[in-house]
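Everything on this sheet refers to the single structure shown next.
Put into structure tokens, the structure is as follows:
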């Protein structure tokens, strides 16, 4: 989500220095990057089973206090790494009736579990971390991340969190690594003034009024990414509906500020056709037990599982703009479509390392193309996906560095989406392509994966080895160039600007009505008979391939 503003700014030619043409400088990673981004010995021996998180924010002082009880299984005991970013303070760590010793080191806490806690392998335990302090504050959420202290148009407190990039440990203690989700779900309890309403992920389990406060407890029954577990606190009202989906009745609820209620009832009618489209293409909504929610947020939006953050001002497009420049993106609300697409790609299928975030963002970006197709037809969807190419920077590889909490280029959105569209075009069988998308969500249902697993699955199901194609688009900034020439009614083509060994099945124009498929490669010309001039051929190239075309002298 956080790269979307950069893409919009690029389209408007307002780009920071990272978008300028300059030699790529290898990033310098710190010890903190490694501690958060790698699975060291103090993390791998234990597995998170469940989080039960309680938090009480104080709007005036911009502080929080709380407790996270972690249910976990382990096979050895010893030292446990708990992540909690400064300046938040750990008050105590308790296991059973015992206060445990711990060593705070910047953004982590090394807890001494001790040998006496060792039990048979995978024995279940509970550890509670009490904490308080002033959390990192988000200045421009959701791009910089942190706790959000805002006010609505009537001057009332409006609080939330957006922490995908900065990490969940910016506001609560956890194992802040994408590969370890709480297998048994999580609960979020919020203690707020009784003048406000607190909304969380999943379903509302209880609400208790006590003195001048209200205590809301929400619960998700499914595994959930750390950064997806967030509070929404404000003067909310709600309405709902039932969507009859592939797995039965899906509860859909919408929480908005009280003065936006009537506007939301009209605008959120886009949810039903979105769910119909995405279930058809991607498979059943992955979290029927937890329901689907849109929650109005004091920032643009985020893919918070079963509680999607919505802040697009109840208008279509991306804050009223069509990122494709084709007009098709103004027929639907960007945040509803994009962030809901993440329920399948990002929340259902989650990558182990954020270096592979293209799996989240590339497929979800392509969900915008899919929805355009559902709404306006195949030609419109092709126009849309080709239109977003203007946001591709090719500044650095899409794949980031592994083990150091490093995301790659923001091209993980439009470029990865166009890579997927190229793969769809090569497969040339939309029934099979749809089966692959649904199969991904079924095979890796509620799982964390590596990008290589996803790539292998696509190749296997398509019956085409896309290994080098993935490498070309994800690990280099080079866009393949199709060089072509016509001589004596023969069309000759070859690839240039590619990694070694790359070949691509491509559609070649032969005349104004017909074409044929040929596999072309670098260095060697492939020649076919044609009935075209150079000018005619230039107009007939298939633009669904994300490649450049270049005419060369005969």
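In the numbering used here, the protein residues as written are 6 to 559.
Glycine included, every Cβ here is placed at the ideal spot set by N, Cα and C.
Computed from a prediction, not measured in an experiment: that's the story for all the values here.
An exposed status is given to residue 199, since fewer than 16 other beta-carbon atoms sit within 10 Å of its beta-carbon. Taking each of 376, 245 and 54 in turn and checking the Cα distance to residue 231, the smallest one comes out for 54.
Spatial neighbours of residue 320 in its own chain (CB-CB distance under 6 Å, excluding positions within 5 residues in sequence) are not present. Under a 10 Å Cβ-count criterion, residue 383 is classified as exposed, with fewer than 16 other Cβ atoms of the shown protein chains found around its own Cβ. Contact annotation: the segment 177-187 touches the segment 357-370, with at least three C-beta pairs closer than 8 Å.
Pairing residue 58 with residue 132, the inter-Cα distance amounts to about 12 Å.
Under the DSSP definition of a beta bridge, residue 491 partners with 496. Within a 10 Å sphere around the beta-carbon of residue 173 sit 16 or more other beta-carbons, which makes this residue buried. In the three-state reduction of the DSSP assignment, residue 162 falls in the strand class, which pools E and B. Straight across, the Cα-Cα distance linking residue 270 with residue 165 is about 22 Å. Three or more beta-carbon pairs separated by less than 8 Å link the segment 389-397 to the segment 409-422, which places the two stretches in contact. In this structure, the beta-carbon distance from residue 94 to residue 130 does not fall below 8 Å.
Within a 10 Å sphere around the beta-carbon of residue 223 sit 16 or more other beta-carbons, which makes this residue buried. Counting the other Cβ atoms within 10 Å of the Cβ of residue 452 gives fewer than 16, which makes it exposed. The DSSP-derived three-state label of residue 539 is helix. Using a Cβ distance threshold of 8 Å, residue 84 and residue 47 count as a contacting pair.
DSSP, read as helix, strand or coil, puts residue 226 in coil. Here residue 458 carries a helix assignment [DSSP, helix/strand/coil]. For residue 142, there is no enclosing alpha helix (DSSP H), since its DSSP letter is neither H nor E.
Residue state for residue 367 is assigned as helix, using DSSP reduced to three classes. A distance of 8 Å or more separates the beta carbons of residue 429 and residue 287. DSSP places residue 390 within a helical segment (H, G or I) once states are collapsed to three. Within the same chain, Cβ atoms closer than 7 Å to the Cβ of residue 245 are found at 256, 257, 258 and 259, the five residues on either side in sequence being excluded. Inclusion of residue 273 and residue 299 in the CB contact set at 8 Å is warranted, their separation being smaller than that value. In this structure residue 134 is buried. Its beta-carbon is surrounded by 16 or more other beta-carbon atoms within 10 angstroms. When C-beta atoms of the segment 464-474 are compared with those of the segment 305-316, fewer than three pairs fall below 8 Å, so the two segments do not count as touching.
In this structure the segment 362-380 lies against the segment 279-298, because at least three pairs of beta carbons, one per stretch, are closer than 8 Å.
Only exposed fits residue 110, as fewer than 16 other CB atoms lie within 10 angstroms of its CB. Inside the segment 190-264, DSSP marks no whole alpha helix (DSSP H) run of 4 or more residues. Residue pairing for residue 554: DSSP places it in a beta bridge opposite 487. Of the candidates 489, 115 and 493, 489 places its Cα closest to the Cα of residue 500. If the five residues before and after residue 176 are omitted, its C-beta is found closer than 6 Å to the C-beta atoms of 140, 152 and 166, all from its own chain and listed in chain order.
Burial is judged here by how many other beta carbons sit within 10 angstroms of a residue's own beta carbon; residue 39 has fewer than 16 and is exposed.
Considering only 108, 310, 43 and 49, the residue with the shortest C-alpha distance to residue 169 is 310.
In the DSSP annotation of this structure, the continuous segment of the beta strand (DSSP E) that includes residue 514 starts and ends at 508-514. Close CB contacts of residue 546 within its chain, under the 6 Å cut and outside five residues either way in sequence, are with 554 (chain order).
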